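Beneath this line is the structure, given in structure tokens, with notes to follow.
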Amino acid sequence: MKENVLKKITRFNNEVNTIPMRDWSTEEMNFFFSVLTRMRDEGTSSIVMDKYELAELARYTIEHNKRYHDTIESLTKKLQDMTYFKKTSNSFVMMPLFTYFEATWSDDLSDMSLEVDVNKRFEYILNEWNEGNWTQFMLDEFLEVKSTYSKTLFRLLKQYKTVGKREFNVEEFKTLMNIPKSYSTGMITTRIVENGIRDLQPYFLNLKVKKIKSNKRGTPVIGYEFTFKPESTEKWQEDKYIKKSRFKKPNRKAIEPKWFQEKTSKIKNSNQSPEQTQDIKESIHRFRNS
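Just so we're aligned, residue 1084 is where the sequence shown starts under this note's numbering, counting upward by one.
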């Protein structure tokens, strides 16, 4: 496996999946999760990416510098309004993911770069991992999904990839998928759920959905149950995708001199006296430890 595979693994705390991303374009999502991938395990260090590094990570073809510039600018505006909110029975908290997000460019747009700082209070989102509390997937697979709704569903299902089952009630599904309130349940089923099943078939084996219906009159749909074959998992190893060193311990036998091989052969194949055998063994020992 290529050495850069590790860099293409996107991994973050499940709480990122609760952050609303209304009206995001496919390119903005691709750039955002590419930045998260790049920031993974960096602590609170600032990272700087030139346009080629980001474009390569996001598999973005830079045909027009202006379009690239506009995408970064629109992403920056989205992040300005992007906050994490969590409420418990005894508290609530709101905070931005990034404390610094600066894009700079030359006058002709030929040279552009991005500098990003993660909020130190939010560091655990990208850098602290607890088994069962994080989402992980291959960035390239996420980039291949075209629909923004399907991209969001992809992340939500990958969160449960080792379980193989994820159930949502309709209201929860609307919130997590950022579905307009004007969408009826029928529209959600045909435009988002069924399209999502089709789009994500390559990434989830035997992916299916079951509509959960109420016993009330008309049996309205009250939720969706997604099932697929669970993915096997193992303890995370930071270097599992890094190639082992190609350096091999030299074959000792290949460099053994002829006299050494002859002495070894005498011990194995001839009847030597105890004194002769001991002398040969001492010669072999001295050679092996030289």
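The C-beta atom is built at its ideal place from N, Cα and C for all residues, glycine as well.
Small disclaimer: the values here were computed from a predicted structure and weren't measured.
Quick one: Cα of glycine 1247 to Cα of leucine 1283, how far?
-> Translated into the one-based positions of the sequence shown, residue 1247 becomes position 164. Translated into the one-based positions of the sequence shown, residue 1283 becomes position 200. Roughly 14 Å separates the two Cα atoms.
Is tyrosine 1286 closer than 8 Å to arginine 1295 when the C-beta atoms are compared?
-> Taking the sequence shown and counting its residues from 1, one reaches residue 1295 at position 212. Taking the sequence shown and counting its residues from 1, one reaches residue 1286 at position 203. Here the sequence assigns isoleucine to residue 1295, which means arginine is not the residue at that position. Going by C-beta atoms, isoleucine 1295 is not nearer than 8 Å to tyrosine 1286.
Distance between beta carbons of tyrosine 1167 and glutamate 1098, contact taken as under 8 Å | Looking up residue 1098 in the sequence shown gives position 15. Looking up residue 1167 in the sequence shown gives position 84. Going by Cβ atoms, the distance from glutamate 1098 to tyrosine 1167 rounds to 7 Å, so yes, they are a contact pair.
Valine 1276: buried (16+ other C-beta within 10 angstroms of its C-beta) or exposed?
-> Sequence index remark: in the sequence shown, residue 1276 carries index 193 (1-based). Buried: at least 16 other Cβ atoms inside 10 Å.
Through-space distance from serine 1157 to leucine 1137, alpha-carbon basis = By one-based count along the sequence shown, residue 1137 stands at place 54. By one-based count along the sequence shown, residue 1157 stands at place 74. Their backbone Cα atoms lie some 16 Å apart in a straight line.
Nearest CA to the CA of threonine 1159: which residue from Leu1180, Thr1144, Val1253?
-> In the sequence shown, residue 1159 corresponds to position 76, counting from 1. Checked all of Leu1180, Thr1144, Val1253; the closest Cα to threonine 1159 is Leu1180.
Terminal residues of the continuous alpha helix (DSSP H) containing tyrosine 1232?
-> Reading the sequence shown from its first residue, position 149 is the one you call residue 1232. Element bounds for tyrosine 1232: 1231 to 1241.
Rank Asp1223, Gln1163, Glu1206, Thr1093 by C-alpha distance to the C-alpha of tyrosine 1143 and give the top, closest one.
-> Translated into positions along the sequence shown, residue 1143 becomes position 60. Out of Asp1223, Gln1163, Glu1206, Thr1093, Asp1223 has the C-alpha closest to the C-alpha of tyrosine 1143.
In this structure, does DSSP put threonine 1033 in helix, strand or coil?
-> For the chain, the structure presents residues 1084 to 1373; residue 1033 sits outside this window and is missing.
Could you give the residue range of the beta strand (DSSP E) that holds methionine 1195?
-> Within the sequence shown, the letter at position 112 stands for residue 1195. That run of the beta strand (DSSP E) goes 1195 to 1201.
For lysine 1291, which option in Glu1250, Val1304, Thr1258, Tyr1266 has the closest C-alpha, if you only look at C-alpha atoms?
-> For this step, residue 1291 is matched to residue 208 along the sequence shown. The candidate whose alpha carbon is nearest that of lysine 1291 is Glu1250.
Could you give the C-beta distance for phenylalanine 1225 and threonine 1109, rounded to a whole number, given that I count them as a contact under 8 Å?
-> Start at 1 with the first residue of the sequence shown, and residue 1225 comes out as number 142. Start at 1 with the first residue of the sequence shown, and residue 1109 comes out as number 26. Going by Cβ atoms, the distance from phenylalanine 1225 to threonine 1109 rounds to 11 Å, so no, they are not a contact pair.
Which listed residue (Ser1193, Pro1263, Phe1237) has its alpha carbon closest to that of arginine 1150 | The sequence position of residue 1150 within the sequence shown is 67, counting from 1. Of the listed residues, the one whose Cα sits closest to arginine 1150 is Ser1193.
Closest to lysine 1229 by CA distance: which of Thr1258, Ile1262, Met1112 is it?
-> One-based indexing of the sequence shown puts residue 1229 at position 146. Cα-wise, what sits closest to lysine 1229 is Met1112.
Own chain, CB closer than 8 Å to lysine 1091, minus 5 neighbours either side, in chain order = Taking the first residue of the sequence shown as position 1, residue 1091 is located at position 8. Only Thr1120, Leu1140, Met1221, Leu1222, Asp1223 meet the Cβ criterion.
Measure the alpha-carbon distance for histidine 1147 versus glutamate 1185 and round it to whole angstroms.
-> Residue numbering aside, residue 1147 sits at position 64 when the sequence shown is read from its first letter. Residue numbering aside, residue 1185 sits at position 102 when the sequence shown is read from its first letter. So the two alpha carbons sit approximately 21 Å from each other.
Helix or strand or just coil, what does DSSP make of threonine 1171?
-> Against the sequence shown, residue 1171 aligns to sequence position 88. The answer is coil: DSSP assigns threonine 1171 none of H, G, I, E or B.
For asparagine 1100 and arginine 1238, the rounded distance between their alpha carbons = As a first step, residue 1238 is located in the sequence shown; it is residue number 155 there, counting from the start. As a first step, residue 1100 is located in the sequence shown; it is residue number 17 there, counting from the start. Distance between the alpha carbons of arginine 1238 and asparagine 1100 is about 7 Å.
Which term fits valine 1131, buried or exposed, when burial requires 16 or more other beta carbons within 10 angstroms of its beta carbon?
-> One-based indexing of the sequence shown puts residue 1131 at position 48. That one is exposed.
What is the DSSP secondary structure of glutamate 1125, reduced to helix, strand or coil?
-> As a first step, residue 1125 is located in the sequence shown; it is residue number 42 there, counting from the start. Here glutamate 1125 sits in coil by DSSP.
Once you ignore the five residues that flank methionine 1234 on each side, which residues in its own chain have a CB closer than 6 Å to its CB?
-> Position 151 of the sequence shown, counting from 1, holds the residue named residue 1234. Reading off the sequence shown, one finds lysine at residue 1234, where the question assumed methionine. These residues qualify, in order along the chain: Met1112, Val1228.
Span of the alpha helix (DSSP H) around methionine 1260 = As a first step, residue 1260 must be located in the sequence shown, where it is residue number 177. First-last of the alpha helix (DSSP H) with methionine 1260: 1253 to 1260.
Between isoleucine 1305 and isoleucine 1280, what straight-line distance do the alpha-carbon atoms span, to the nearest angstrom?
-> Looking up residue 1305 in the sequence shown gives position 222. Looking up residue 1280 in the sequence shown gives position 197. Taking the straight line joining both Cα atoms gives about 18 Å.
Relative to the C-alpha of aspartate 1200, which residue among Ser1129, Asp1106, Lys1312 is closest?
-> What you label residue 1200 is simply residue 117 of the sequence shown in a count that begins at 1. The candidate whose alpha carbon is nearest that of aspartate 1200 is Ser1129.
Take glutamine 1242 as the anchor and find which of Ile1262, Glu1198, Gln1219, Met1260 has the nearest alpha-carbon.
-> Along the sequence shown, read from residue 1 onward, the residue named residue 1242 stands at position 159. Here the closest residue by C-alpha is Gln1219.
Over what stretch of residues does the beta strand (DSSP E) that includes aspartate 1133 continue unbroken?
-> As a first step, residue 1133 is located in the sequence shown; it is residue number 50 there, counting from the start. Residues 1130 to 1133.
Identify every residue that forms a DSSP beta bridge with lysine 1293.
-> Position 210 of the sequence shown holds residue 1293. Answer by DSSP bridge pairing, in chain order: Glu1308.
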